[in-house]
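Numbering follows my numbering, with no gaps: position 340 of the sequence shown is 425. Each residue gets a CB set at the ideal place from its N, CA and C atoms; glycine is no exception. Predicted model, so just to flag it, every value in this text is computed and none were measured.
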Amino acid sequence: MERSRPLARRPLVTLLTAAALAASGLTALTSAARAADADLARNGGFETALDGWTCTAGAIVTSPVHSGTSALKATPAGADNARCAQTVSVKPDSQYTLSGYVQGAYVYLGASGTGTTDVSTWTQSAPDWQQLTTTFRTGPSTTEVTVFTHGWYGTGAYHADDITLTGPGGGTSQPPAPPGGLTAGSATSSSIALSWSPVPGATGYAVYRDGARVRTVTGTSTTVTGLSPATAYAFQIAAVNGAGESARSATVTATTAQRPDGGGSSDLPAHALVGYLHASFANGSGYTRMADVPDSWDVIDLAFGEPTSVTSGDIRFERCPVAECPNVESDAEFKAAIKAKQAAGKKVLISIGGQNGQVQLTTAAARDTFVSSVSAIIDEYGLDGLDIDFEGHSLSLDADDTDFKNPTTPVVVNLVSAVKTLKAKYGDAFALTMAPETFFVQLGYQYYGTGQWGGQDPRAGAYLPVIHALRDDLTLLHVQDYNSGPIMGLDNQYHSMGGADFHIAMTDMLLTGFPVAGDADNVFPPLRADQIAIGMPASVNAGNGHVSPAEVTKTLNCLTKKTDCGSYATHGTWPDLRGLMTWSINWDRFSDWEFQKNFDAYFG
């Protein structure tokens, strides 16, 4: 997908209005109003380095400058527009003027979060210092806005100086002091408790783990979860109010405990084999009875539970009819076989969705119906949990939903709420897995939703807010590394299906974390290695992207031992990688169990 640049056009009505005002001697603000206004931008001349600013690729230079002794220089890259921003306290329902001097090609100045219409102005070319100015009015409940400047992808460095935001000041003009007294408390194999001293004037606190912001809380304590066993982590806390964020506290290091059973979430073995069982159809591969699934399969996902309509939330699971599956067992035999698998330590889950099962929980009523209908399936068959296999148009993001950490799109918010309700109902033993496509996850490194300028596919990266919100409840994420187009990896190179390289690059992104849509201030945090299984087709019949057993082995060697890595350099080594997922058990049986045999030979 190629990024396009907006055309440099100015509406004729704007030019005519400006001319009319100039001719009549009118101004947009009265002199009394101007006298009451103030410059609210902090360090707009960049005289105190980047104090007050958050930049993805910014630095302070002493030449060229518009005034004073310093200016900003920021250099965009292929996936980063070198955005610098700061949040400013403002008053509701008030008029503001944003202005600044810029130099370079494709330089933008704008404001977001205005509560009305977000604005930006830009220049295509400014070989010398050029002033950019725009105005906006805040909404009736807006108390802070974010002002920003940025360049354009891969077009070279730009400079900015003397940025001002003129208008009535908000209630808070300075960020609070940094917190003190940060202490690490009790630790489990996956969590560490933290506490710190309160800061006057703070409305909340940002929690940093190993330099990355992981959550914001209102109190002076929290428990950071989703951690790996026997691992040291460095924590810092920053205080937050309407004027911004304080400097971070002193660092405290704490180590998680050893995992007591060595098995991991939901009592899975250290390395698990996951497969989908065609329980409601045959699909050319033939029907496989539950009792005939070999013991090598640790997680069996029943495919599929599907909705009565796209937006109903009413999920039904229908067993394969005799006409399509002549050897199908009875319900009693099927349930007895499930119990036998569970007695042998296996997990059997209901998978919701699939290619034909579009699920859109657009309303609270659909959410509640989803919970009750999925519960009925789990209870009837005595299942261990839920697999979310939403594909197609089940998940897409509203145009104004830009922060994966705080989603607002109903189909996302309602899905997260529904799953949390199910988790609370069934307790810690409830297994939760997800099988998104790469388009909904790793593509988020480049594109998220409709994008800053609109026009992108709203489904891009749409699984990220679901995964992030449920990461502490997530047993396994097994992204479908198949039926995928080329995806950019963390090396900023495109990777395509057909070999170990694709699986290595896609998995490394999940285990390393990545900035969403190239925003270094909006990073999707890494998942634990024991939460990851790599999704692959079992055979050439099962789907595009099948690789040979030798390529599967190379993938596992690279990620768990850092050997056989080829041209892609991973960002770590993960011996605790949970395992592999495949579509499907039926297709693997059709191919004489090639996928299963390779897994057994590798992990023993």
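Closest option to T305, judged by alpha-carbon separation, among P285, N568, S676, T316: P285. Listed in chain order, the beta strand (DSSP E) elements of length 3 or more contained wholly in the stretch 274-343 are 277-280, 289-294, 297-302, 306-309, 317-326, 337-340. Boundaries of the beta strand (DSSP E) around N607: 604-609. Burial is judged here by how many other beta carbons sit within 10 angstroms of a residue's own beta carbon; H656 has fewer than 16 and is exposed.
DSSP places P634 in the helix class (H, G or I) of the three-state scheme. When the beta-carbon positions are compared, A461 and C410 stay at least 8 Å from each other.
Under the criterion of beta carbons closer than 8 Å, H363 and S669 qualify as touching, at roughly 6 Å.
Burial is judged here by how many other beta carbons sit within 10 angstroms of a residue's own beta carbon; V526 has at least 16 and is buried.
DSSP, read as helix, strand or coil, puts P543 in coil. The beta-carbon separation of A339 and A291, rounded to 18 Å, does not stay under the 8 Å limit for a contact. With a cutoff of 8 Å on beta-carbon distance, L434 and L480 are scored as not near each other. Between the alpha carbons of L500 and F455 lies a gap of roughly 9 Å.
The distance from the Cβ of Y466 to that of I423 is about 6 Å, consistent with a contact at the 8 Å cut-off.
Note on A211: 16 or more other CB atoms within 10 angstroms of its CB, so buried under the neighbour-count rule. When the five nearest sequence neighbours on each side are left out, the beta carbons in the same chain lying within less than 6 Å of the beta carbon of E636 are those of G584, A585, in order along the chain.
Contact check for P550 and P600: beta-carbon distance about 15 Å, past the 8 Å limit, so the pair fails to qualify. Under the three-state reduction of DSSP output, H588 falls in the helix class. Runs of the alpha helix (DSSP H) spanning 4 or more residues and lying entirely within the stretch 471-542 occur at 495-511, in chain order.
By a beta-carbon distance limit of 8 Å, N671 does not contact P634. Their separation comes to about 19 Å. Listed in chain order, the beta strand (DSSP E) elements of length 3 or more contained wholly in the stretch 153-196 are 156-159, 169-174. Bridge pairing for H244: K158, Q188 [DSSP]. Each residue's CA atom was taken as its position, placing A342 and S275 some 8 Å apart. DSSP places K426 in the uninterrupted alpha helix (DSSP H) bounded by 416-428. Taking P264 as the centre and dropping the five residues before and after it, the same chain places the C-beta of W281, S282, V284, Y290, I322, A324, S334 closer than 7 Å to its C-beta, in chain order.
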